[in-house]
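**Q** Have a look at this one before I ask anything.
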Amino acid sequence: MQRSDLAAGPVAVAPWLLNKVLVRGGRAGRIVEVEAYHGANDAASHAYRGPTPRTAVMFGPPGFLYVYFTYGMHWCANVVCGPEGEAAAVLVRALAPVRGLDEMRAARPAARSERDLCSGPAKLCQALGITGADNGVDLVAATGRGARPGASDASAAVRLLDDGTPPPRRPGRGTRIGIREATEKRWRFWVPGDPNLSTPDRASRPSRR
DNA sequence: CTTTGGATCGTCT
DNA sequence: GACGATCCAAAGG
Numbered sequence: 012m013q014r015s016d017l018a019a020g021p022v023a024v025a026p027w028l029l030n031k032v033l034v035r036g037g038r039a040g041r042i043v044e045v046e047a048y049h050g051a052n053d054a055a056s057h058a059y060r061g062p063t064p065r066t067a068v069m070f071g072p073p074g075f076l077y078v079y080f081t082y083g084m085h086w087c088a089n090v091v092c093g094p095e096g097e098a099a100a101v102l103v104r105a106l107a108p109v110r111g112l113d114e115m116r117a118a119r120p121a122a123r124s125e126r127d128l129c130s131g132p133a134k135l136c137q138a139l140g141i142t143g144a145d146n147g148v149d150l151v152a153a154t155g156r157g158a159r160p161g162a163s164d165a166s167a168a169v170r171l172l173d174d175g176t177p178p179p180r181r182p183g184r185g186t187r188i189g190i191r192e193a194t195e196k197r198w199r200f201w202v203p204g205d206p207n208l209s210t211p212d213r214a215s216r217p218s219r220r
């Protein structure tokens with residue numbers, strides 16, 4: 012994973028991010044659902060009306076984390092993409108928990124099942140411990156020379172990794188969730204049939220009867 | 001199973 | 001001063 016992988020537009024980067032791994036210290040999850048947001052072209056984007064202090068990170072170079080606070084209590088995380096100067100980001104909407112499940116459960120007492128841990132944009136931030144303090148961190152910063160992946164110094168850095176799992180050849184695609192503007196754009200992508208999606212994947216769920 | 005409303009505050013108008 | 005890229009518990013069928 013390198014910064015140039017994220018320099019394309021958000022609608023191209025979003026499905027490409029499926030099956031990549033988001034890591035926070037000892038906790039990790041595989042990305043199974045995302046949404047693209049595209050600044051000036053997208054009335055649903057926080058950056059639609061130009062830069063503000065909050066959205067400054069979105070206008071910066073790709074590969075950084077944009078974290079915002081919403082509904083008075085929730086944090087949500089985005090991967091900034093596109094060229095510097097253009098506001099573009101991909102909202103991470105759901106993860107399949109991979110590592111550090113006990114820590115995730117401790118951070119999310121309301122979770123009744125493994126599926127409840129990361130099946131939503133605010134849930135996964137809670138599970139990984141991502142907050143506004145992580146806004147603007149570099150997700151793809153070069154690891155030091157000789158640093159071995161997995162040789163964790165227990166750092167709490169948020170990182171984006173490619174473990175070799177390719178994105179689905181034919182990702183699920185549909186309209187975005189929870190927005191009021193630009194509801195026609197089909198900029199939500201997911202891993203078909205994954206049990207950790209924020210909304211059940213009706214298309215791939217086995218039909219009853 | 002689905003629907004509803006409360007929580008709660010940073011951000012922009 | 002209004003509202004949101006949400007979640008959850010409680011109530012209803």
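Sequence positions in the first sequence follow our numbering and run 12 to 220.
For glycine and all other residues, C-beta sits at the position ideal for the given N, C-alpha and C.
Find the nearest neighbour of residue 147 within the set 179, 73 and 182, judged by alpha-carbon distance.
**A** On the first sequence, residue 147 is found 136 positions in, with the first residue counted as 1. Of the candidates 179, 73 and 182, the one whose C-alpha sits nearest the C-alpha of residue 147 is 73.
**Q** Is residue 47 closer than 8 Å to residue 190 when the C-beta atoms are compared?
**A** As a working mapping, residue 190 is identified with position 179 in the first sequence. As a working mapping, residue 47 is identified with position 36 in the first sequence. Going by C-beta atoms, residue 190 is not nearer than 8 Å to residue 47.
**Q** How do the region 170-178 and the region 18-37 stand: do at least 3 beta-carbon pairs fall below 8 Å, yes or no?
**A** With the cut-off at 8 Å, the region 170-178 and the region 18-37 touch.
**Q** Can you tell me whether DSSP reads residue 68 as helix, strand or coil?
**A** Start at 1 with the first residue of the first sequence, and residue 68 comes out as number 57. The answer is helix: DSSP assigns residue 68 an H, G or I state.
**Q** Can you tell me which of the three DSSP states residue 108 falls into?
**A** Here residue 108 is taken as the residue at index 97 of the first sequence, counted from 1. Residue 108 falls in the strand class under three-state DSSP.
**Q** By DSSP's criteria, residue 81 is part of a beta bridge. Which residues make up the other side?
**A** Taking the first residue of the first sequence as position 1, residue 81 is located at position 70. Per DSSP, 85.
**Q** Just to confirm the assignment, what range does the alpha helix (DSSP H) spanning residue 22 have?
**A** By one-based count along the first sequence, residue 22 stands at place 11. 21-28 is the span of the alpha helix (DSSP H), which, as asked, contains residue 22.
**Q** Go ahead and label residue 165 buried or exposed: buried means 16 or more other beta carbons lie within 10 angstroms of its beta carbon, across all protein chains shown.
**A** Here residue 165 refers to the residue found at position 154 of the first sequence. The predicted model places residue 165 with a pLDDT of 43, which falls under 50 and marks its position as unreliable, so this point remains unresolved.
**Q** Quick check on residue 108: buried or exposed, where buried means 16 or more other Cβ atoms within 10 Å of its Cβ?
**A** Taking the first residue of the first sequence as 1, we reach residue 108 at position 97. Residue 108 should be labelled buried.
**Q** Using only alpha-carbon positions, find the residue among 68, 183 and 205 that is nearest to residue 230.
**A** Only positions 12 to 220 of the chain appear in the structure, and residue 230 is not among them; the question remains open.
**Q** Let me know the secondary structure DSSP gives residue 162 once reduced to three states.
**A** As a first step, residue 162 is located in the first sequence; it is residue number 151 there, counting from the start. Reliability of the predicted coordinates at residue 162 is poor, the pLDDT of 49 falling under 50, and the value obtained from them is presented with this limitation in mind. Of the three classes helix, strand and coil, the one that applies to residue 162 here is coil, per DSSP.
**Q** Hey, how far is the Cα of residue 65 from the Cα of residue 45?
**A** Start at 1 with the first residue of the first sequence, and residue 65 comes out as number 54. Start at 1 with the first residue of the first sequence, and residue 45 comes out as number 34. One C-alpha to the other measures close to 21 Å.
**Q** Can you tell me which of 35, 193, 102 and 119 puts its alpha carbon nearest to the alpha carbon of residue 24?
**A** Walking along the first sequence from the start, residue 24 turns up at place 13. Among 35, 193, 102 and 119, the Cα nearest to that of residue 24 belongs to 102.
**Q** Cβ of residue 255 within 8 Å of Cβ of residue 128?
**A** Residue 255 cannot be examined here, being either before or after the span of the chain that is shown, 12 to 220.
**Q** Can you name the residues that DSSP bridges to residue 47?
**A** Reading the first sequence from its first residue, position 36 is the one you call residue 47. Paired residues: 101.
**Q** Can you tell me where the alpha helix (DSSP H) with residue 126 in it begins and where it stops?
**A** Reading the first sequence from its first residue, position 115 is the one you call residue 126. Unbroken alpha helix (DSSP H) run through residue 126: 126-129.
**Q** Report buried or exposed for residue 219, applying the criterion of at least 16 other Cβ atoms within 10 angstroms of its Cβ.
**A** Working through the first sequence from its first residue, we reach residue 219 at position 208. Reliability of the predicted coordinates at residue 219 is poor, the pLDDT of 45 falling under 50, and the value obtained from them is presented with this limitation in mind. It counts as exposed.
**Q** Taking the C-alpha atoms as reference points, what is the distance between residue 172 and residue 12?
**A** By 1-based counting over the first sequence, the position of residue 172 is 161. By 1-based counting over the first sequence, the position of residue 12 is 1. Approximately 6 Å, taken between the alpha carbons.
**Q** With which residues is residue 40 paired in a DSSP beta bridge?
**A** Residue 40 sits at position 29 when you count from the first residue of the first sequence. In DSSP, residue 40 forms a bridge with 33 and 108.
**Q** Under 8 Å, do residue 208 and residue 201 count as touching if we go by C-beta distance?
**A** For this step, residue 208 is matched to residue 197 along the first sequence. For this step, residue 201 is matched to residue 190 along the first sequence. Yes, the Cβ-Cβ distance between residue 208 and residue 201 is below 8 Å.
**Q** Let's test the definition: count the other Cβ atoms within 10 Å of the Cβ of residue 162 and tell me whether it reaches 16, buried, or not, exposed.
**A** Taking the first residue of the first sequence as 1, we reach residue 162 at position 151. Interpretation of residue 162 is limited by its pLDDT of 49, a score under 50 that renders its predicted location unreliable; the figure taken from the coordinates is listed afterwards. Answer is exposed; the Cβ neighbour count stays below 16.
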